[in-house]
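Take a look at the structure set out below.
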Amino acid sequence: MKRYSAFAVVREALSYHMGWERAWASPEPKKKYDAIIIGAGGHGLATAYYLGKNHGIKNVAVLEKGWLGGGNTGRNTTIIRSNYLQDASAALYEKARSLYETMSQDLNYNVMFSPRGVIMLAQTEHEVRGYKRTAQANALQGVTTEFISPQRVKEIVPIINLDGPRYPVLGGLWQARGGTARHDAVAWGYARACSAMGMDVIQKCEVTSIRQEGGKVVGVSTNRGDIACDKLGIVVAGHSGHVADMAGFRLPIESVSLQALVSEPIKPCMDCVVMANTVHGYMSQSDKGEMVIGGGADGYNNYTQRGSFHHAEETVRALCETFPMVSRLKMLRQWGGIVDMTGDRSPILSKAPLDGVFINCGWGTGGFKAIPGSGWGFAELMARGYSPLTEQFGLDRFKEGRFIDESVAAGVAH
Amino acid sequence: MLILECPYCGVTAEETEFHGGGEAHIKRYGPGSTEEEFNNYLFAKVNPKGVHFERWRHANGCGKWFHAARNTVTLEVYGTYTAQTSDIPQDIKDKVSAKVPGWSWREFE
Ligand SMILES: Cc1cc2nc3c(=O)[nH]c(=O)nc-3n(C[C@H](O)[C@H](O)[C@H](O)COP(=O)(O)OP(=O)(O)OC[C@H]3O[C@@H](n4cnc5c(N)ncnc54)[C@H](O)[C@@H]3O)c2cc1C
Ligand SMILES: [Zn+2]
Chain A
1 MKRYSAFAVV
11 REALSYHMGW
21 ERAWASPEPK
31 KKYDAIIIGA
41 GGHGLATAYY
51 LGKNHGIKNV
61 AVLEKGWLGG
71 GNTGRNTTII
81 RSNYLQDASA
91 ALYEKARSLY
101 ETMSQDLNYN
111 VMFSPRGVIM
121 LAQTEHEVRG
131 YKRTAQANAL
141 QGVTTEFISP
151 QRVKEIVPII
161 NLDGPRYPVL
171 GGLWQARGGT
181 ARHDAVAWGY
191 ARACSAMGMD
201 VIQKCEVTSI
211 RQEGGKVVGV
221 STNRGDIACD
231 KLGIVVAGHS
241 GHVADMAGFR
251 LPIESVSLQA
261 LVSEPIKPCM
271 DCVVMANTVH
281 GYMSQSDKGE
291 MVIGGGADGY
301 NNYTQRGSFH
311 HAEETVRALC
321 ETFPMVSRLK
331 MLRQWGGIVD
341 MTGDRSPILS
351 KAPLDGVFIN
361 CGWGTGGFKA
371 IPGSGWGFAE
381 LMARGYSPLT
391 EQFGLDRFKE
401 GRFIDESVAA
411 GVAH
Chain B
1 MLILECPYCG
11 VTAEETEFHG
21 GGEAHIKRYG
31 PGSTEEEFNN
41 YLFAKVNPKG
51 VHFERWRHAN
61 GCGKWFHAAR
71 NTVTLEVYGT
81 YTAQTSDIPQ
91 DIKDKVSAKV
101 PGWSWREFE
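First to last, the sequence lines map onto chains A and B.
Residues 1 to 414 in full-length UniProt numbering are what the first sequence spells out, letter by letter.
Residues 1 to 109 in full-length UniProt numbering are what the second sequence spells out, letter by letter.
As structure tokens, this is what we get:
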């Protein structure tokens with residue numbers, strides 16, 4: 001694998017850029033692997049990457065029914081932050097955020113991580129108290145955040161309307177090292193690094209059943225034949241319930257469509273990410289100039305990757321009040337992704353009831369930011385049987401009543 | 001846009017008039033049940049890709065709870081029926097069978 005560098009760009013220019021090699025191989029599946037990961041989204045690929053990099057397990061296949069990153073990883077609004085309330089979450093998300101800082105160098109692939117800062121607006125007295133509490137918790141957790149005044153908010157986001165008639169801005173929780181990254185590049189960068197380690201990333205390969213013998217997993221059946229494995233990682237987001245069913249267990253998860261939209265590109269007007277959780281509006285500006293807007297989740301199970309129209313309307317209405325200038329923007333595209341919602345709005349990284357099977361799911365509306373940390377912890381769990389990062393996120397926590405309740409704490413999971 | 005018909009007042013309306021209430025026909029477990037049963041009742045969801053049975057409430061209408069047989073992939077609604085039943089009525093089963101032969105859902109088929 002040739003490394004990407006400024007020098008390589010010059011070198012390849014001499015041969016009219018015809019010499020670039022493919023970023024990853026497209027191999028036929030082998031008969032058997034030490035470990036198979038189902039799902040080539042960010043979490044599945046990062047898991048494979050750290051299995052190889054941190055634990056020396058390189059006889060690995062990542063099976064993807066569609067194309068690389070075509071699930072939620074390529075559909076999200078790329079907000080990265082780690083200002084959670086609960087210690088277990090803060091540890092995992094901050095591990096991820098800190099790995100994002102060096103991801104482009106680690107992978108030798110530009111993921112365009114942009115720590116431009118994230119503000120979560122406080123628009124009710126309740127939110128003010130909640131975010132002040134989070135800022136205190138973050139200080140103890142070693143996560144740098146601060147509660148800022150409405151005037152500071154206005155300095156950072158000049159286009160904001162502080163005195164919205166219904167929900168005036170009363171302050172905000174500011175994480176200066178939060179930001180965004182290019183979602184496709186995260187999937188592509190990991191796939192390239194996995195391929196370079198000799199792993200097989202196999203697209204258009206759908207797992208249709210999970211084969212077991214004597215209470216232990218022995219492999220999977222796919223539309224490209226049977227493949228054997230010693231260990232199996234299920235990392236399929238919205239399809240977690242569907243695939244868990246193949247392994248004979250149920251999850252505390254329901255799948256719904258979450259949507260996003262982008263506007264026509266405009267000149268730079270907002271150089272940070274703003275989240276308004278009370279009114280449900282999330283906005284940042286892409287490097288191309290489009291305003292990237294996160295919308296609402298459907299109120300009923302579905303696999304449509306579309307989302308109900310009224311959510312788009314509600315989101316846009318909220319944004320028009322918060323940022324009056326967007327009222328004249330045209331929206332370019334709208335789409336949905338199938339998100340996997342758990343009862344406590346925290347993920348599951350766990351051994352599964354079937355021996356040899358591990359499951360990483362439940363990231364719901366907010367797992368892009370967690371990709372490297374999740375891969376790090378989940379690979380450790382798969383390789384060693386234990387990881388301090390994932391310890392609190394076991395499937396048993398529901399039965400035992402040990403919820404990691406971020407739904408109340410964070411208000412929203414983006 | 002999802003369109004449902006309330007089996008009580010007969011109103012046909014789009015989804016903003018209703019409120020989804022999750023998986024239908026759940027058997028409730030309380031004191032005296034095993035931990036496993038209680039866990040399953042509270043958390044273990046069926047999350048099917050295809051035929052699904054749910055509870056809905058006509059929230060901005062007559063206010064009553066009812067059931068819907070629906071497809072989670074196509075959003076087709078096979079039919080709605082009242083909440084006063086712990087089984088799926090035969091005519092609803094027939095409607096689903098006409099579209100999805102051989103379907104099954106939890107212990108029902
Ligand atoms: C509109 C939207 C906005 C979001 N905004 C944010 C945000 O701002 N910040 C944030 O942190 N998070 C956000 N998220 C959430 C984030 O996108 C997800 O949590 C994250 O991408 C999940 O990654 P994943 O790798 O687990 O799943 P995915 O990327 O969905 O990957 C799972 C893969 O498994 C494959 N698969 C499924 N079944 C099978 C099978 N049987 N065989 C083989 N392959 C299979 C799928 O095709 C898919 O590619 C958003 C999500 C959406 C939909
Ligand atoms: Zn009614």
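Even glycine gets a Cβ: it sits at the ideal position worked out from N, Cα and C.
Please name the residues in the segment 36-63 of chain B whose beta-carbon is closer than 9 Å to at least one beta-carbon of chain A, in chain order. E36, F38, N39, N40, L42, F43, A44, K45, V46, N47, P48, K49, G50, H52, E54 and W56
Three Cβ pairs or more, each shorter than 8 Å: is that satisfied between the segment 125-138 of chain A and the segment 177-185 of chain A? no
Candidates K58/A, D87/A and I80/A, of which the one nearest D405/A by Cα: For D405/A, the closest C-alpha among the options K58/A, D87/A and I80/A is that of D87/A.
Mapping DSSP to helix, strand and coil, what is G411/A? Below a pLDDT of 50, predicted positions are generally treated as unreliable, and G411/A, at 44, falls in that range; the measurement from the model is reported next regardless. Here G411/A carries a coil assignment [DSSP, helix/strand/coil].
Under 6 Å Cβ to Cβ from W376/A, same chain only, skipping five residues before and after it: list those, please. Y50
Using the DSSP secondary-structure output, state which residues sit across from N71/B in a beta bridge. V51/B
The segment 312-319 of chain A contacting the segment 202-210 of chain A, beta-carbon criterion three pairs below 8 Å: The answer is no - the segment 202-210 of chain A does not touch the segment 312-319 of chain A, with fewer than three Cβ pairs under 8 Å.
So is Y100/A buried or exposed if we call it buried at 16+ other beta carbons inside 10 Å? buried
With DSSP run on the structure shown, which of helix, strand or coil describes L45/A? Taken through DSSP and simplified to helix, strand or coil, L45/A comes out as helix.
Any chance you could list the residues with Cβ under 6 Å from a heavy atom of ligand 2, keeping chain order? C6/B, Y8/B, C9/B, V11/B, H58/B, G61/B, C62/B and K64/B
What does a CB cutoff of less than 6 Å around F398/A pick up in its chain, not counting 5 residues either side in sequence? P252
G50/B versus H43/A - alpha carbon distance: 26 Å
Please list the partners that L4/B has in chain A, where partner means a Cβ-to-Cβ separation under 7 Å. None at all; the shortest Cβ gap to chain A is about 10 Å.
Along the segment 289-302 of chain A, what residues have a CB closer than 7 Å to any CB found in chain B? Sequence-ordered contacts of the segment 289-302 of chain A with chain B read G299, Y300, N301 and N302 [C-beta pairs closer than 7 Å].
Contacts of I227/A in chain B (Cβ-Cβ under 7 Å): Correct list: empty, because the minimum Cβ distance to chain B is about 22 Å.
Output needed for P27/A: all residues of its chain with C-beta closer than 7 Å, excluding positions within five of it in sequence on either side, in chain order. D200 and I202
E15/B: contacting residues in chain E (beta-carbon distance under 7 Å): Note that chain E does not occur in the displayed structure, where the protein chains are A and B.
Can the beta-carbon of Y131/A be found less than 7 Å from the beta-carbon of V279/A? no
Paired residues, beta bridge with S257/A - DSSP: I338/A
Just verifying my parser: in three-state terms, what is the DSSP assignment at Q305/A? coil
Determine the chain A residues that contact V73/B at a beta-carbon separation under 9 Å, and present them in chain order. N302, Y303 and T304
Measuring CB to CB, does A187/A end up less than 7 Å from G336/A? no
Would you say G20/B faces chain A, with C-beta separation under 7 Å as the test? yes
Does the Cβ of F323/A have 16 or more other Cβ atoms within 10 Å, making it buried, or fewer, making it exposed? Label assigned to F323/A: buried.
In chain B, which residues lie less than 9 Å from H242/A when you measure between Cβ atoms? N47, P48 and K49
Go through its chain and collect everything with a Cβ distance to D226/A's Cβ below 8 Å, but skip five positions before and after it. R211, G219 and V220
Under a three-way DSSP split, which group does A318/A fall into? helix
For A413/A, collect the residues of the same chain with a Cβ closer than 7 Å to its Cβ; drop the 5 residues on either side in sequence, then sort them by chain order. Reliability fails at A413/A, whose pLDDT of 47 lies under 50, so the model's placement of it is uncertain and the value that follows must be treated cautiously. Excluding residues within five positions, the ones whose Cβ falls inside 7 Å are R345, G364, T365, G366 and E406.
Counting only Cβ pairs nearer than 7 Å, list the residues of chain B close to P252/A. Within 7 Å Cβ-Cβ: F43, A44 and K45.
Are there any heavy atoms of ligand 1 lying less than 6 Å away from the beta-carbon of I234/A, as far as the coordinates show? Between ligand 1 and I234/A, a heavy atom-to-CB distance of less than 6 Å is absent.
Exposed or buried, which one is M18/A when buried takes at least 16 other CB atoms within 10 Å? M18/A should be labelled exposed.
For the alpha helix (DSSP H) containing Q90/B, list its first residue and its last residue. Q90 to K99
Give me the Cβ distance between L329/A and E264/A, rounded to the nearest whole Å; I'm assuming they're in contact under 8 Å. 6 Å
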